[in-house]
Amino acid sequence: NGCDNLVSVKAAHARMIKLFDRFDLGFIDRCLISRYLEFGEFGYASAVFFLGFPRNQVSWRDFLGEVESFGLEKHRVLEDFVQLQNKGVNFDEVV
3 NGCDNLVSVK AAHARMIKLF DRFDLGFIDR CLISRYLEFG EFGYASAVFF LGFPRNQVSW
63 RDFLGEVESF GLEKHRVLED FVQLQNKGVN FDEVV
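Residues are numbered in this note's numbering as their position in the sequence shown, beginning at 1, plus a constant of 2.
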C-alpha cells in the first residue's frame, strides 16, 4: 500500500493533512494510528488521536483497543494526555 516504513507513513500523513477534507477522517485517523503503532511510534499515534484533525474521529474505546492490540499499556494514553496538557495544549469537551 506504499506505507511499508515509517518515512512513507509520515509522508502519507502529511499529504492527508493537506487534503483532509477530501477523505473520510475517521478512516484516515484509524489507519494512521494503526501504522504508527505498527512501527512502534506510540507518540505519533497518540498525537494523531489527540491533535491530528479538527475533530477527534476515533473514539477513546477504539484508540485504547488499538493501543492494547499492539501490546502497549493503555495507561500510556493518559500519560501522553497529561504531558500535552502540561505543555499548554487545551482540549475541548470532545477529547
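Each residue gets a CB set at the ideal place from its N, CA and C atoms; glycine is no exception.
Predicted model only: the values in this text are computed from it and were never measured.
My output table needs one value for residue i: the three-state DSSP class, helix, strand or coil.
i          : result
residue 95 : coil
residue 33 : helix
residue 28 : helix
residue 6  : coil
residue 89 : coil
residue 81 : helix
residue 20 : helix
Our contact map puts residue i next to residue j with C-beta atoms below 8 Å; I'd like the distance itself, whole angstroms only.
i          : j          : result
residue 76 : residue 68 : In fact, because the Cβ distance is near 10 Å, the residues do not count as touching under 8 Å.
residue 8  : residue 41 : 5 Å
residue 32 : residue 60 : 6 Å
residue 35 : residue 47 : 5 Å
residue 80 : residue 52 : Not confirmed; about 11 Å, so no contact.
residue 5  : residue 16 : In fact, because the Cβ distance is near 12 Å, the residues do not count as touching under 8 Å.
**Prompt:** At what residue ranges does the segment 38-71 contain a whole run of the alpha helix (DSSP H), taking only runs of 4 or more?
**Reply:** Taking only runs of at least 4 residues, the alpha helix (DSSP H) segments lying wholly in the segment 38-71 are 44-53, 62-71.
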